[in-house]
Amino acid sequence: YIHSEKGEGDTWHTEIETDICGKSADIAMVFQVLSPDYNVIATFKQQAKFGGDTETFSNSFDITAPVVWDIDTPEVYMLAVELYKNDELIEVQYVPYGYRTTEFSPEKGFLLNGRQLKMHGVCMHHDLGALGAAVNDTALYRQMKIMKEMGCNAIRTSHNMPARQLVEICDDLGLMVVCESFDMWENAKTEFDNHRFFV
């Protein structure tokens, strides 16, 4: 899990949480921050005694004047995480993330990176027409590219969390995503809808 927040001036603070699962061992994690043009701009390491089962490790770093993500310039950074067990590399994960600010204001509406912006979007359910509901990266990219070309800058997903691939494609193309976890809040379609938790 990666979370970035703007601090004072041009400094941004980034927090990382890494879940490790397995048997107890001496481990080391090497983190590399890659810029949008894939240059390594920061590297740091954490060594720990992993107690087994599941454990979360926290790290953080600061970066000065990163390129911010915007619908017109969708710049995405990458965090590479290497996991070593007894000095042997056993896994590598690449996690895309970005830097941007969002704000909702009664006076100005929605602000992206301090700029007033109107959302022009559509409701997109997860199915891909005749291809069905299974995730197909190429079909998703084509679909989102068409949305962008017709003037959309945002999409609202169907009533469940979208596929990770969809969110990453939208990050790359410069589309904002409104993720709708479910559609029943106070009213109910069925007896066991989520309205039970909001009445």
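Following this note's numbering from start to finish, the sequence shown increments by one per residue and tops out at 255. Cβ atoms here follow ideal geometry from the backbone N, Cα and C, with glycine treated the same way.
Could you check if residue i belongs to the surroundings of the ligand GTP, using beta carbon to heavy atom distance under 7 Å?
i, result
"Ala104", "Summarising the ligand content, the structure contains no ligands, and the ligand GTP is consequently not present."
Of all the options the options, which has the alpha carbon lying nearest to the alpha carbon of residue i?
i, options, result
"Thr120", "Ile146, Ile225, Glu64", "Glu64"
"Trp125", "Lys62, Ile83, Thr112", "Lys62"
"Asp66", "Val123, Asp82, Asp193", "Val123"
"Phe117", "Asn250, Ile202, Glu73", "Glu73"
"Thr129", "Lys105, Phe87, Asp228, Phe248", "Asp228"
"His69", "Tyr155, Leu139, Ile146", "Tyr155"
Note down, in chain order, each residue of its chain lying with its Cβ closer than 7 Å to the Cβ of residue i, except the 5 sequence neighbours on either side.
i, result
"Glu224", "Pro152"
"Met217", "Cys235, Ser237"
Identify every residue that forms a DSSP beta bridge with residue i.
i, result
"Pro152", "Met134"
"Asn115", "Ile72"
"Asp109", "Gly78"
"Glu159", "Leu167"
Report all residues from its chain with a CB closer than 6 Å to the CB of residue i; omit the five preceding and five following residues, and keep chain order.
i, result
"Lys79", "Gly108"
My assumption, with CB atoms under 8 Å, is that residue i sits in contact with residue j. Please give the rounded CB distance.
i, j, result
"Ala210", "Gly188", "Between Gly188 and Ala210 the Cβ distance is about 25 Å, and since that is not below 8 Å, they are no contact."
"Met134", "Leu90", "4 Å"
"Asn169", "Thr157", "5 Å"
What are the complete alpha helix (DSSP H) segments, minimum 4 residues, inside the region 57 to 91? Listed in chain order, there is nothing to give.
Considering only residues of the region 189 to 255, which uninterrupted alpha helix (DSSP H) runs meet the minimum length of 4 residues and lie entirely inside it, listed in chain order? Scanning the region 189 to 255 for uninterrupted alpha helix (DSSP H) segments of 4 residues or longer gives 193 to 205, 220 to 229, listed from N- to C-terminal end.
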